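Going by my numbering, the sequence shown opens with residue 17, and the numbers climb by one from there. Just so you know, even glycine gets a beta-carbon here, dropped at the ideal spot from N, CA and C. For clarity, every value in this text was computed on a predicted model and none was experimentally measured. Have a look at the structure below, then the notes.
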Amino acid sequence: MTNDLSKAFDLIKQKQWIDLTHTFGPDSPHFASFDEAKISTLFNHDDGFFAQNFSFAGQYGTHIDAPIHFVRDTRFLEELTLKELVLPLVVIDKSKESADNHDFSLRAVDILAFEEEHGKIDAGTFVALRTDWSKRWPNQEAFENKDEQGNNHSPGWSVEALEFLFQERQIKAVGHETFDTDASIDYQKNGSLLAEYYVLEQDTYQIELLTNLDKVPAKGAVIFNIVPKPEKASGFPVRSFAILP
Numbered sequence: 017m018t019n020d021l022s023k024a025f026d027l028i029k030q031k032q033w034i035d036l037t038h039t040f041g042p043d044s045p046h047f048a049s050f051d052e053a054k055i056s057t058l059f060n061h062d063d064g065f066f067a068q069n070f071s072f073a074g075q076y077g078t079h080i081d082a083p084i085h086f087v088r089d090t091r092f093l094e095e096l097t098l099k100e101l102v103l104p105l106v107v108i109d110k111s112k113e114s115a116d117n118h119d120f121s122l123r124a125v126d127i128l129a130f131e132e133e134h135g136k137i138d139a140g141t142f143v144a145l146r147t148d149w150s151k152r153w154p155n156q157e158a159f160e161n162k163d164e165q166g167n168n169h170s171p172g173w174s175v176e177a178l179e180f181l182f183q184e185r186q187i188k189a190v191g192h193e194t195f196d197t198d199a200s201i202d203y204q205k206n207g208s209l210l211a212e213y214y215v216l217e218q219d220t221y222q223i224e225l226l227t228n229l230d231k232v233p234a235k236g237a238v239i240f241n242i243v244p245k246p247e248k249a250s251g252f253p254v255r256s257f258a259i260l261p
């Protein structure tokens, strides 16, 4: 007899699955303070099997940040529950605004405008900010987008927008296509990544360096954030994907 779980699995197999994860390697864009990834061969097929050694910062490629990444005495990656990593997905498209203004910072008014068109954002959702910054991959220089003074310019979230989402809409987690939660201009003004700290202070996680958000609808999809379980980790590369409605 076919049970409900089997029926659900048969249903989702028929849906479209979208990979939200960049392939990364030594030459991939990464946070400037980190060394590039190193991948070496330990054994090859002449030895009887192929095995490799990988060395990279936990926050490398498309990755997950656990609360402990910024906030003392909070949860490590291994303490996130499985059900937290699979959530309804909302995508706020600000790709045009980000193309016109590389310093774009999402505000609460932008979220209200989104809801006017797509309906209220439900509690317990994962909200992703689409900027199409991921289309600059795999060019480190394009990702950093420095001006003549050496300052980065990339879009992001404002603290005001995040406060609205977490406090007023009771969302669960967020994600974006850039290195950081904060717009670069806000970091330069504040001297700190206030938006990133705010997210992780909510005892939740975020996904950075997402891709293919342009292939996901504003509402109705589900995001899966599949990640290894290293001990006492602040973050790790993740395989994020969405199943479309």
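Counting only the same chain and skipping the five closest in sequence on each side, list residues whose C-beta sits under 7 Å from that of residue i.
{"i": "Val143", "result": "Val106, Ile108, Ile137, Leu181, Ile187 and Val190"}
{"i": "Val215", "result": "Leu178, Val190, Thr197 and Gln222"}
{"i": "Asn168", "result": "Glu160, Asn161, Lys162 and Ser200"}
{"i": "Ser174", "result": "Ser121, Leu122, Arg123, Asp202 and Ala211"}
{"i": "Phe65", "result": "Phe59"}
Of the choices the options, whose alpha-carbon is the least far from that of residue i?
{"i": "Glu224", "options": "Asp202, Thr197 and Ser22", "result": "Thr197"}
{"i": "Ser170", "options": "Arg146, Trp33 and Gln183", "result": "Arg146"}
{"i": "Gly77", "options": "Lys231, Ala139 and Lys54", "result": "Lys54"}
{"i": "Leu128", "options": "Lys231, Leu96, Arg185 and Leu58", "result": "Arg185"}
{"i": "Gly74", "options": "Tyr213, Phe195 and Leu103", "result": "Phe195"}
{"i": "Lys13", "options": "Arg255, Ala249, Asp230 and Asp81", "result": "Nothing about residue 13 can be read from this structure; the chain reaches only from 17 to 261."}
{"i": "Thr220", "options": "Ile80, His192, Trp149 and Lys112", "result": "Ile80"}
{"i": "Glu113", "options": "Arg88, Asp148 and Ala139", "result": "Asp148"}
{"i": "Phe92", "options": "Ala249, Val232 and Arg255", "result": "Ala249"}
{"i": "Asn228", "options": "Pro42, His118, Lys151 and Leu98", "result": "Lys151"}
Going straight from the alpha carbon of residue i to that of residue j, what length do you get?
{"i": "Asp62", "j": "Asn69", "result": "17 Å"}
{"i": "Val125", "j": "Ser200", "result": "20 Å"}
{"i": "Phe159", "j": "Pro45", "result": "7 Å"}
{"i": "Phe120", "j": "Ser22", "result": "44 Å"}
{"i": "Thr90", "j": "Ser49", "result": "24 Å"}
{"i": "Lys245", "j": "Glu52", "result": "22 Å"}
{"i": "Gly251", "j": "Phe86", "result": "11 Å"}
{"i": "Lys31", "j": "Ile259", "result": "7 Å"}
{"i": "Pro154", "j": "Asn19", "result": "44 Å"}
{"i": "Pro83", "j": "Glu164", "result": "35 Å"}
{"i": "Glu95", "j": "Glu247", "result": "10 Å"}
{"i": "Asp274", "j": "Ile28", "result": "In the structure as shown, the chain begins at 17 and stops at 261. Residue 274 is therefore absent and cannot be evaluated."}
How is residue i classed by DSSP in three states: helix, strand or coil?
{"i": "Asp219", "result": "coil"}
{"i": "Ala199", "result": "coil"}
{"i": "His118", "result": "coil"}
{"i": "Phe50", "result": "coil"}
{"i": "Glu193", "result": "coil"}
{"i": "Arg255", "result": "strand"}
{"i": "His79", "result": "strand"}
{"i": "Arg185", "result": "coil"}
{"i": "Ile84", "result": "helix"}
{"i": "Ser44", "result": "coil"}
{"i": "Ser22", "result": "helix"}
{"i": "Ile55", "result": "strand"}
{"i": "Ser111", "result": "helix"}
Leaving out the 5 sequence neighbours to the left and right, which residues in its chain are closer than 6 Å to residue i when beta-carbon positions are compared?
{"i": "Leu101", "result": "Asn241"}
{"i": "Ala234", "result": "Val107 and His134"}
Once the 5 residues before and after residue i are set aside, which same chain residues still bring their CB inside 8 Å of it?
{"i": "Phe257", "result": "Trp33, Ile34, Asp35, Leu36, Thr37, Ile239, Phe240 and Ile242"}
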